[in-house]
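Novice:
In this note's numbering, the protein residues as written are 8 to 445.
(1) Do residue 59 and residue 249 have their beta-carbon atoms positioned less than 7 Å apart in this structure?
(2) Taking the beta strand (DSSP E) that residue 97 falls in, what are its first and last residues?
(3) Does the beta-carbon of residue 322 have 16 or more other beta-carbons within 10 angstroms, so that it is buried, or is it exposed?
(4) Could you check whether the stretch 171-185 touches the stretch 121-134, counting it as contact only if at least three pairs of C-beta atoms, one from each stretch, sit closer than 8 Å?
(5) Compute the beta-carbon to beta-carbon distance between residue 54 and residue 90, rounded to the nearest angstrom, for a pair I have assumed lies under 8 Å.
(6) In the structure shown, what three-state DSSP assignment does residue 3 receive?
(7) From 112, 262, 263, 405, pick the residue whose C-alpha is nearest to that of residue 103; which is it?
(8) Using a Cβ-Cβ cutoff of less than 6 Å, which residues in the same chain neighbour residue 165 once the five nearest sequence positions on both sides are dropped?
(9) Run through DSSP, which three-state label would residue 113 get?
(10) From residue 361 to residue 204, what distance separates their C-alpha atoms?
(11) Is it buried or exposed, residue 129, if we count other Cβ atoms within 10 angstroms and call 16 or more buried?
(12) Is it buried or exposed for residue 427, if we count other Cβ within 10 angstroms and need 16 for buried?
(13) Which one or two residues does DSSP pair with residue 335 in a beta bridge?
(14) When DSSP builds the beta bridges, which residues end up paired with residue 76?
(15) Just mark residue 333 as buried or exposed, buried being the case when its beta carbon has 16 or more other beta carbons within 10 Å.
(16) Counting pairs of beta carbons, one from the stretch 33-49 and one from the stretch 265-284, are three or more of them closer than 8 Å?
(17) Take the Cβ of residue 116 as the centre, count every other Cβ of all protein chains shown within 10 Å, and call the residue buried at 16 or more, exposed below.
(18) Which term fits residue 35, buried or exposed, when burial requires 16 or more other beta carbons within 10 angstroms of its beta carbon?
(19) With a Cβ-Cβ cutoff of 7 Å, do residue 147 and residue 160 count as a contact?
(20) Figure out for me which residue from 341, 365, 19 has the closest Cα to the Cα of residue 407.
(21) If you draw a straight line from the alpha carbon of residue 374 to that of residue 144, how long is it in whole angstroms?
(22) So, using beta-carbon positions, are residue 142 and residue 397 closer together than 7 Å?
(23) How big is the Cα-Cα spacing for residue 378 and residue 335?
(24) Which residue from 419, 431, 430 puts its Cα closest to that of residue 157?
(25) Can you find the residues in the same chain that come closer than 6 Å, C-beta to C-beta, to residue 243, ignoring five residues on each side of it along the sequence?
(26) What residue range does the beta strand (DSSP E) around residue 204 cover?
(27) DSSP beta-bridge partners for residue 55?
(28) Using only alpha-carbon positions, find the residue among 20, 178, 110 that is nearest to residue 71.
(29) Counting contacts by CB-CB distance shorter than 7 Å, is residue 90 in contact with chain C?
(30) Residue ranges of each alpha helix (DSSP H) run of no fewer than 4 residues wholly in the stretch 246-273, ordered along the chain?
(31) Take residue 62 and list the residues in its own chain whose beta-carbon comes closer than 7 Å to its own, dropping the five residues that flank it on each side.
(32) I need the straight-line Cα distance from residue 43 to residue 273, nearest angstrom please.
(33) Contact check, residue 319 vs residue 136 under 8 Å by CB: the rounded distance?
(34) DSSP three-state call for residue 364: helix, strand or coil?
(35) Using only alpha-carbon positions, find the residue among 24, 99, 279 that is nearest to residue 38.
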């Protein structure tokens, strides 16, 4: 006698759905918790942090009403390290006799060697405090090796721009009657539109943290109080979240990998934010502004770029006329722009518009001060994706030692042609000679 088979008892569909949804939610919650914790800690999307070794109680940077800051002659270490502990670059904070980021002391008078002298203005790409040698120092060495030595007076300031440069030009170079043969403006990003930038490390109560201040863009011609920021303008000085000042012991621990810097980030659910970004990407309409910009066949009026900074530009032009020297504007490119040209990835429309606008602004500046213009992107012409990346820091937006050296190799021949043009200038003509940057 056969026993009838018992009917298989099946789980109701709603229970299956409940189990699946519960499993999915638990998995998402676990993944969200892990990813969010890693993001807050700095492991995911790591952030570049500039770390400065504070040796003793002597500050490495002091406020200066003209330069923006004055570097101490006593060297102190600094590094760029990512929040995941990766060391990107190591350099030295050290200034010369005037507090500028140059390994040589400055004097208004030309030295016994009677070599060509050029003042160089730039930002952190040119000051190069975060690496072994900045590009002006490398260029001096290369020109010496090639038999046409030049002296480059590096008056660059980290985070600075035109508002700082025009003061140095008028109140140091012209006022102290520096003997020079030309001025080089190494322009990157928003240098020409930045307000007056100044740094300080001696404000009481701030434990020698690195402080940055900027004058309001609404009053670019106003002059900061000559008293130190410890007694005036302290509301303008704010600690930088991307800067840390640490003891030599902690600095060494960062170098050895035994410790890594903490990172300050606003809380957000990382996985949810990423999912939202992907969803928004599908809904975003194509932006035709890039195509419109590419279709422009003319260069905008130079005056339009500097209607709010015309007085500063005029002072630069007047200073050049007083010194009767030519000027050269060299535009330093974004890494992302070079990578896009090499076929890696793509620029967003917003970034493309910003980058093109800044190139036009640099060209307009050159036109207004009667300077020659050189596209610094030509220094990396023909470079492939990996070659370009090898010239920049992996995370931070600055170039590395290799990038600085390549740029120096590019600039030296231009300076040599500039020197040749000046040598052929008619004696006593009083005219500023141009630069053949072709």
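Each residue gets a CB set at the ideal place from its N, CA and C atoms; glycine is no exception.
All figures in this text were calculated on a predicted structure; none of them were measured in a lab.
Specialist: Quick look at the numbers:
(1) no
(2) 94-100
(3) buried
(4) yes
(5) 5 Å
(6) This structure cannot speak to residue 3, because the chain is shown only from 8 to 445.
(7) 112
(8) 131, 134
(9) coil
(10) 21 Å
(11) buried
(12) exposed
(13) 191, 379
(14) 70
(15) buried
(16) yes
(17) exposed
(18) exposed
(19) no
(20) 341
(21) 28 Å
(22) no
(23) 5 Å
(24) 419
(25) 220
(26) 204-207
(27) 89
(28) 178
(29) Among the chains in the structure shown there is no chain C, since it carries only a single protein chain.
(30) 255-263
(31) 83, 255
(32) 11 Å
(33) Not a contact, Cβ separation roughly 25 Å.
(34) helix
(35) 279
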